[in-house]
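Written out below as structure tokens is the structure these notes cover.
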Amino acid sequence: MPFLCYFAKKTLMNILLLGSGGREHALAWKIAQSKDTDKLFIAPGNAGTSQLGTNISLNPNDFPEVALFAVRNNIELIVVGPEEPLVNGIYDYFQSRSSLKDILVLGPSKEAAQLEGSKAFAKEFMRRHNIPTAAYQSFTANQIDEAEKYIKTLKPPYVLKADGLAAGKGVVIVQDEDSAITSLREMLINQKFGKASDKVVIEQFLSGTELSVFVITDGSDWLMLPSAKDYKRIGEGDTGLNTGGMGSVSPVPFADEIFMQKVRSSIIRPTIRGLFDDGLDYKGFIFFGLINVNGEPYVIEYNVRLGDPETESIIPRVSNDLVPLLYNCAKGNVSGLQVEIDNRSAVTLMLVSGGYPEKYAKGYEISIKEGVFDSSDKGTQLIFHAGTTTNADGKTVTSGGRVIAVTSLAQSQRAALKLSYDAAGAVNFTDKYFRSDIGLDILDEQ
Ligand code: AMP
Ligand code: GLY
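Quick note on numbering: the sequence shown equals residues 955 to 1400 in the numbering used here.
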């Protein structure tokens, strides 16, 4: 059994998790259950993560401060929740310093993180490796005439994307050519998204149902995590403004074995091989934002992290210990490891502040009915904090647009939905809002 000695077995390590949302609370919940976790620190964390480990007031993008903390606290593994530190090069920061390189950072190198940090980089990568995606071209401000000509060759709707990170707002979809040209000029000339729109990707509109597929990779081998569907719009029936995500369900009933086989062969394998062939150092999560177009999967986007609120429905479905997976992945050894997936359905509802994703108030006290949530590893109604903090009086209060995620697990999606809607009623704060149609479009037959 060569594997037994191959897997670096670590008992009791100190782990630093970067981030402060529902995704990080779900990760902290799972990491805290591990037999391999000694001390868990979350930077900066939220009121929920403070119950599972120690919150540290650190900016995840301040690498010297993160490094100082990690050294002083014998951190062996850093798990990065959000994309920004990855795109800013946290992996390289640690790797390139002899005093830090033994601290494992789970995440891609700065160059590989361009898969999320630059839409043009991602599209070129997909073109180079024959990965199905919408036809596209990218343009800078001095190519405005060519860009307008390209728009005229396309049919509506028109999809324009700021190349760089734009806090999830950099994609514009418009119905007519004039609006497309106006948006193009706003992005390239008026710098609507700042430096992020110095380059714009214009692409073919794809029509279908989206889903989020996740793997963990060491850059040559990979393991599949559960898939999920998220609900991005604020309003019922997928209407209104885009948000960070209003809910998620896992598994995705339409992602059957035939479809997932196509995802593996035409998207995941060529992506991993492409990273390897291009010499891109990648140890971490890959989030494939896919669209199902008449049974064929296409990549809408890559993200170099887990999704939020997808994490809140997929991590509770991973039934084995997560820390050995994270640790061995960061070490470069996932081959032979397994992700054990709980076959129950998970449904996550996001409870948000009234007014979100536009202006909303903060600081409202949150009350949680006792006896509803069981956050042990056996719990079927779980609560993950997203935008919460503890105020000077020690009360848990709202501090963001997305406030609390509730996740339920049950044998059928219908039963999980019912549990989650009951759980949503057990959490209260002024102007609480949530969508009451999450998952209804894809209810399974059970
Ligand atoms: P992105 O930031 O690339 O995920 O884009 C945000 C959202 O815009 C996606 O989740 C899709 O709903 C939509 N979108 C992006 N690209 C396309 C496309 N080529 N066709 C249709 N919808 C798209
Ligand atoms: N839920 C989509 C994302 O995390 O980007």
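Idealized CB from N, CA, C, for every residue including glycine.
Arg1271 sits buried, since 16 or more C-beta atoms from the chains shown fall within 10 Å of its C-beta. Asn1282 sits buried, since 16 or more C-beta atoms from the chains shown fall within 10 Å of its C-beta. Per DSSP, Val1167 is one residue of the beta strand (DSSP E) stretching across 1163-1171.
Within the segment 1193-1233, the complete beta strand (DSSP E) runs of at least 3 residues fall at 1193-1196, 1201-1204.
The closest heavy atom of ligand 2 lies less than 6 Å from the beta carbon of Asp1184. Less than 7 Å divides the Cβ of Gly1173 from the Cβ of Tyr1236. For Ser1374, the three-state secondary structure derived from DSSP is helix.
Annotation for Asn1382: Ser1321 place their beta carbon closer than 6 Å to its own, counting only its chain and skipping 5 residues before and after. Restricting attention to Leu1179, Arg1298, Gly1191, Phe1168, the CA atom closest to the CA of Ser1390 is found in Gly1191. Pro1039 counts as buried, since at least 16 other C-beta atoms from the protein chains shown sit within 10 angstroms of its C-beta. Note that the C-beta distance between Lys1183 and Leu1165 is below 7 Å.
Spatial neighbours of Val1025 in its own chain (CB-CB distance under 8 Å, excluding positions within 5 residues in sequence) are listed in chain order as Ser1053, Leu1054, Ile1057. By the neighbour-count definition (other C-beta atoms within 10 Å, threshold 16), Ile1188 is a buried residue. Of the other Cβ atoms in all chains shown, 16 or more fall within 10 Å of the Cβ of Arg1259; this residue is therefore buried.
The DSSP assignment places complete beta strand (DSSP E) segments of no fewer than 3 residues inside the segment 1306-1355 at 1335-1339, 1342-1344, 1350-1352, in order along the chain. The beta-bridge partner set that DSSP reports for Glu1190 is empty. In this structure the segment 1097-1111 touches the segment 1124-1144; the number of beta carbon pairs closer than 8 Å is three or more. Each residue's CA atom was taken as its position, placing Tyr1387 and Ser1063 some 38 Å apart.
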